[in-house]
Ligand code: UDX
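Laid out in structure tokens, this is it:
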């Protein structure tokens, strides 16, 4: 079995490395020469725990290769996965499919013998059909099938998610393609992973329905958190109390500054647009998009009010810039809304993130970048936790207090315990639980 993976972004690189770990011969293709050269030298383009070792081991074993030449990669492949980007198109919120279609054109020219072409990128319903049309137009006599196989991995735990998924979804009605896909995922049959075989359109829809549902679940608990603050309830106990109901489930009920990242913001917007165009609007998701965008902005006001109503002339130490821990990804991170708003309100911002500093500098520009958590809060008027990296959870509270100018902590990820913060004499603001002091 030979697999070609087109695109070495998050999904492509992790999937390629994991398939090779399954024992399949994989060749990863990317147009970016520098990226491929660096990958060949073992330098990862992204930070993802365990990825470097996985790549190194499989390259050594001869199962994982890299190339910039799509033709070379595709020629002998049984399956070609399209894992290129599908960013939000400027202006209309739709997914930009130009990279997917360009890949389809090139694959059509290069494929040889029966080939399964798999869309792994998140693509709107109907994209598989269009990919098939493009390839058929170029190669009327070729033997091929276009399959949808969405990826559900989370950044930061991508390898574990890929190797031990809750399920695998495969959209095709072509028998030969099913056999090829079964073969590729054979190791997951051994661990009894549910494999959902369905139509291509249904598979494409499953991915969007999953991501928009999760975005709605987060947004729900965020709004409940706001209400908890008003009525004197504790959102953590509410989340536990409802999450123990198997119909609701415990996961994705952690309140925070609003969801970000490479998937939820983009996919919610894209599905809203698709639904509107089909005259079947998804009003819940429209509201989710709106509420989440406003929430990120409102978080800056929460910080300002924790600082006594104004941050003009004050220094704010921000811990965490990435959209979540264990990644250097800054896409749609709440920090991108919150920090500019604080600067606009007259604050000086000092910031630290264990992995995202380079990315942050490109996007946030001129703030004070620090080397560690305590350096960031040195002499600051307030400390703000924006991303729940483990190293921010275990910080010594006495030392935080003596390092800050004022003992003000705004914890937008609820990593500290309000009772303990009160005992230590902090003015402590969190999400969905009683805040203290001020
Ligand atoms: C998500 C999906 O989980 C994954 O299945 C899909 O393939 C890609 O999108 P990812 O974006 O990597 O993965 O991160 P995830 O852990 O899902 O978090 C997304 C956002 O939601 C983050 O901003 C996170 O902070 C936020 N979140 C998540 C919460 O605010 N509360 C929660 O309870 C869970």
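In our numbering, the protein residues as written are 220 to 657. We put the CB at the ideal spot given by N, CA and C, even for glycine.
For residue i, which of helix, strand or coil comes out of DSSP?
i	result
residue 196	The shown model of the chain, from 220 to 657, leaves out residue 196, and the question about it has no answer.
residue 390	strand
residue 697	Because the chain in this structure spans residues 220 to 657, residue 697 falls outside the shown range and cannot be described.
residue 589	coil
residue 278	helix
residue 620	helix
residue 358	coil
residue 524	helix
residue 305	coil
residue 350	helix
residue 330	coil
residue 650	coil
residue 663	In the structure as shown, the chain begins at 220 and stops at 657. Residue 663 is therefore absent and cannot be evaluated.
residue 162	Since the first residue shown for the chain is 220 and the last is 657, residue 162 is missing from the structure and cannot be characterised.
residue 342	coil
residue 501	coil
Comparing C-alpha positions only, which one of the options sits nearest to residue i?
i	options	result
residue 297	364, 314 and 597	364
residue 361	322, 488, 332 and 349	332
residue 324	304, 350, 337 and 300	350
residue 372	429, 230, 424 and 252	230
residue 256	520, 440 and 284	284
residue 575	251, 395, 265 and 627	265
residue 263	242, 289 and 236	236
residue 334	300, 478, 652 and 340	300
residue 469	436, 484, 494 and 590	436
residue 573	556, 597 and 542	542
residue 646	377, 579, 626 and 607	626
residue 289	512, 632 and 326	326
residue 618	594, 428, 633 and 630	594
residue 634	221, 652, 571 and 286	652
residue 570	472, 556, 540 and 268	540
residue 386	394, 409, 392 and 374	409
residue 482	344, 370 and 643	370
residue 309	302, 253, 485 and 650	485
residue 377	497, 448 and 546	546
residue 259	268, 269 and 275	275
residue 506	352, 438, 621 and 611	438
residue 427	340, 650, 317 and 394	340
residue 220	233, 234, 232 and 239	239
residue 394	366, 587 and 549	366
residue 342	359, 353 and 302	302
residue 473	441, 384, 234 and 588	441
Could you give the C-beta distance for residue i and residue j, rounded to a whole number, given that I count them as a contact under 8 Å?
i	j	result
residue 609	residue 544	7 Å
residue 329	residue 294	6 Å
residue 368	residue 344	Going by Cβ atoms, the distance from residue 368 to residue 344 rounds to 15 Å, so no, they are not a contact pair.
residue 629	residue 558	Between residue 558 and residue 629 the Cβ distance is about 13 Å, and since that is not below 8 Å, they are no contact.
residue 390	residue 418	6 Å
residue 525	residue 648	4 Å
residue 381	residue 234	6 Å
residue 354	residue 320	At roughly 10 Å, the Cβ-Cβ gap does not stay under 8 Å, so residue 354 and residue 320 are not in contact.
Does the beta-carbon of residue i have 16 or more other beta-carbons within 10 angstroms, so that it is buried, or is it exposed?
i	result
residue 322	buried
residue 500	exposed
residue 467	exposed
residue 415	exposed
residue 503	exposed
residue 531	exposed
residue 660	Not covered by the structure: residue 660. The range shown for the chain is 220 to 657.
residue 607	buried
residue 413	exposed
residue 455	buried
residue 292	buried
residue 632	buried
residue 639	exposed
residue 446	exposed
Looking at C-beta atoms only, is the number of pairs between the segment 555–573 and the segment 279–296 that lie closer than 8 Å three or more? no
Mind the definition here: the segment 225–234 touches the segment 247–256 only if three or more C-beta pairs lie below 8 Å; say whether that holds. yes
Below 8 Å, can you find three or more Cβ-Cβ pairs linking the segment 303–316 to the segment 483–502? yes
Taking 8 Å as the threshold, find out whether the segment 396–416 comes into contact with the segment 441–461 through three or more Cβ pairs. no
Stretch pair the segment 599–607 + the segment 528–543: three plus CB contacts closer than 8 Å: yes
Using 8 Å as the Cβ pair cut-off and three pairs as the minimum, do the segment 516–523 and the segment 579–589 touch? no
Count the CB pairs spanning the segment 395–402 and the segment 417–436 that are closer than 8 Å, and state whether there are at least three. no
Is it the case that the segment 429–443 contacts the segment 470–481, given that we only count it when at least three CB pairs across the two stretches are under 8 Å? Yes, they touch.
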